[in-house]
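**Student:**
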Amino acid sequence: MNLAPSVFSARGGEGDEDEKGIGGTGLQPVGTGDGVGGTGSPYHSAYISGVVYAYGSICVNGLRVKYDAQTPVYLNGKKVDHSALTLGSTVKILSSVDGVSGTLSADRIDIERIVTGPVTAIDLESHTLSVMNETVLIDATDIPFSVGEIVSVSGLRRTDGQILSTSLTPALPGADESLVGSLKQETDGQWIVGQTPVEMPNDEKAVSGQTVFVQGKWEGGRFIVSRLTALSPLPAINEKVRTYISYEGILETFHEDRSIVLSGLQATVKDLLCGGEPLEKGERIIAMGSLRPDGTVFFDGLVDVEPEETKILDNKSRAVSKPESKAAYND
637 MNLAPSVFSA RGGEGDEDEK GIGGTGLQPV GTGDGVGGTG SPYHSAYISG
687 VVYAYGSICV NGLRVKYDAQ TPVYLNGKKV DHSALTLGST VKILSSVDGV
737 SGTLSADRID IERIVTGPVT AIDLESHTLS VMNETVLIDA TDIPFSVGEI
787 VSVSGLRRTD GQILSTSLTP ALPGADESLV GSLKQETDGQ WIVGQTPVEM
837 PNDEKAVSGQ TVFVQGKWEG GRFIVSRLTA LSPLPAINEK VRTYISYEGI
887 LETFHEDRSI VLSGLQATVK DLLCGGEPLE KGERIIAMGS LRPDGTVFFD
937 GLVDVEPEET KILDNKSRAV SKPESKAAYN D
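Numbering follows the working numbering, in which position 231 of the sequence shown is assigned residue number 867; successive positions increment by one, without gaps.
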């Protein structure tokens with residue numbers, strides 16, 4: 637069976653005893669399954685958003701997703717070589733589900749670097765660095781970068797705006813300086829993306845509250861935007877196709893009506909529990925469920941994520957996943 641190593645903490649993993657998998661979603665921990673829903677999966681497609689933590693082909697959110705040399709890979713919307721797919725990368729994967737085995741085959745993989753730009757400050761004592769105006773939290777014993785060096789960061793944005801990094805690497809040659817975050821306008825008219833002041837083009841129709849990807853140049857303590865792209869937490873998915881969703885993020889809000897916002901994704905949950913314990917704002921979780929026919933998302937399983945060290949990579953020894961022939965998965 638194609639098993640993915642576990643990413644879940646001891647708190648997670650509880651579900652109804654009469655339901656299969658974690659929270660009844662069919663997500664199987666190590667040693668108990670090989671995909672979504674097991675034999676005779678009810679799902680036809682799956683959308684997975686999370687962090688690559690192991691290979692074979694790639695493992696995200698406790699799921700193993702196979703892909704081959706023909707699977708398109710994009711980095712912040714730009715088509716790239718598979719070598720960009722490294723450990724610690726935050727990815728969004730649209731995949732097909734085998735109706736018999738429940739195994740996953742990627743149709744498209746999108747890598748997101750939350751910020752690419754110059755290092756403007758380093759604090760070894762607090763294990764943080766600043767990239768432009770973004771505070772990046774580094775869980776590593778060494779930060780082998782210097783002020784002025786252009787780096788790319790993968791990670792999740794906390795509720796306080798700081799970035800919980802999952803990987804850090806020198807930017808590829810010719811990489812655009814860029815930033816992903818919530819767009820807002822201050823009372824003085826200043827636009828902010830994430831924690832960084834930005835200067836918008838005069839003809840840009842910006843909408844406060846959107847999550848955006850901006851490209852441009854860091855100059856004089858602010859980011860000069862040349863291009864802005866609004867982002868959605870979900871791709872365009874046909875609601876008539878039964879789709880499994882596994883989504884890793886930071887819990888931003890939750891309410892008594894069981895509505896939540898998880899890293900920008902609005903959803904409804906089965907209950908306000910994670911592994912049998914009350915939800916906590918700001919916690920990092922993986923939510924599992926499905927897309928409803930009305931286009932809304934329902935999660936019936938939530939688990940905590942076991943934290944790992946930030947993957948510090950360099951361009952000479954980048955740990956990369958290698959595509960395999962999909963025919964090779966005949967365990």
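Yeah, the Cβ is synthetic: ideal placement off N, Cα and C, and Gly gets one too.
I'd like the list of long-range same chain contacts for G857, defined as Cβ closer than 8 Å, with 5 residues on each side in sequence excluded.
**Tutor:** Excluding sequence neighbours, G857 sits near N769 and P833.
**Student:** What residue range does the beta strand (DSSP E) around D746 cover?
**Tutor:** L740 to E748
**Student:** According to DSSP, simplified to helix, strand and coil, what is S790?
**Tutor:** strand
**Student:** Can you tell me which of G791, Q831, L908 and I922 puts its alpha carbon nearest to the alpha carbon of E884?
**Tutor:** I922
**Student:** In the DSSP assignment, find the beta strand (DSSP E) that holds L908 and state where it starts and stops.
**Tutor:** It is not in any beta strand (DSSP E) - L908 carries neither H nor E in the DSSP assignment.
**Student:** Checking 9 Å against the spacing of the C-beta atoms, do G724 and Y679 come in under that value?
**Tutor:** no
**Student:** What's the C-alpha gap between D930 and R894?
**Tutor:** 17 Å
**Student:** Express the C-alpha separation of A842 and L938 in angstroms, rounding to a whole number.
**Tutor:** 34 Å
**Student:** Is it buried or exposed for V666, if we count other Cβ within 10 angstroms and need 16 for buried?
**Tutor:** Summary for V666: the model assigns pLDDT 30, below 50, so the residue's position carries little reliability; its value from the coordinates is reported in the next sentence. Its Cβ having fewer than 16 others within 10 Å, V666 is exposed.
**Student:** Give every residue of the same chain whose Cβ lies closer than 6 Å to the Cβ of V783, excluding the five residues on either side of it in the sequence, and list them in chain order.
**Tutor:** V755
**Student:** If we count Cβ pairs, one from each stretch, closer than 8 Å, do we get three or more for the region 774-790 versus the region 798-813?
**Tutor:** Inter-segment contact for the region 774-790 and the region 798-813 is present: three or more beta-carbon pairs are separated by less than 8 Å.
**Student:** By DSSP's criteria, I828 is part of a beta bridge. Which residues make up the other side?
**Tutor:** K820 and P833
**Student:** Among all the DSSP beta bridges, which residues are the ones paired with P806?
**Tutor:** V787
**Student:** In the DSSP assignment, the beta strand (DSSP E) including D812 goes from what residue to what residue?
**Tutor:** No beta strand (DSSP E) holds D812; DSSP gives it neither H nor E.
**Student:** For V666, name the three-state secondary structure that DSSP assigns.
**Tutor:** For V666, the predicted model reports a pLDDT of 30, less than 50, meaning its position is unreliable; a value from the coordinates is still stated below. V666 falls in the coil class under three-state DSSP.
**Student:** What residue range does the beta strand (DSSP E) around E884 cover?
**Tutor:** T879 to F890
**Student:** What whole-angstrom Cβ distance do I873 and Y683 have, given they're in contact under 8 Å?
**Tutor:** 7 Å
**Student:** Secondary structure at S719, three-state DSSP: helix, strand or coil?
**Tutor:** The answer is helix: DSSP assigns S719 an H, G or I state.
**Student:** Of the residues V829, L740 and G698, which one's Cα is nearest the Cα of S681?
**Tutor:** L740
**Student:** How do the region 788-800 and the region 694-709 stand: do at least 3 beta-carbon pairs fall below 8 Å, yes or no?
**Tutor:** no
**Student:** Please tell me whether I886 and R928 are closer than 9 Å, where the distance is taken between their beta carbons.
**Tutor:** Taking a C-beta distance under 9 Å as the contact criterion, I886 and R928 do not qualify as a contact pair.
**Student:** Taking DSSP as the reference, what is the three-state secondary structure of L730?
**Tutor:** strand
**Student:** Whose CA, out of S685, A690 and L864, lies closest to the CA of V850?
**Tutor:** L864
**Student:** To the nearest angstrom, how far is it from the Cα of L909 to the Cα of R794?
**Tutor:** 20 Å
**Student:** Give the secondary structure of L765 by DSSP, where H, G and I count as helix, E and B as strand, and everything else as coil.
**Tutor:** strand
**Student:** How would you write the range of the beta strand (DSSP E) that R863 sits in, first residue to last?
**Tutor:** R858 to A866
**Student:** Output the distance between the C-alpha atoms of H763 and V772, rounded to the nearest integer angstrom.
**Tutor:** 9 Å
**Student:** Can you name the start and end residues of the beta strand (DSSP E) that P754 belongs to?
**Tutor:** V751 to D759
**Student:** Does C695 pass the burial test, meaning 16 or more other C-beta atoms within 10 Å, or should it be called exposed?
**Tutor:** Per the 10 Å Cβ criterion, buried.
**Student:** Give the straight-line distance between the Cα atoms of I786 and L765, rounded to the nearest whole angstrom.
**Tutor:** 12 Å
**Student:** Report buried or exposed for G810, applying the criterion of at least 16 other Cβ atoms within 10 angstroms of its Cβ.
**Tutor:** Counting C-beta atoms within 10 angstroms of its own C-beta, G810 has fewer than 16 neighbours from the protein chains shown and is therefore classed as exposed.
**Student:** Taking only three categories from DSSP, how would you classify T847?
**Tutor:** strand
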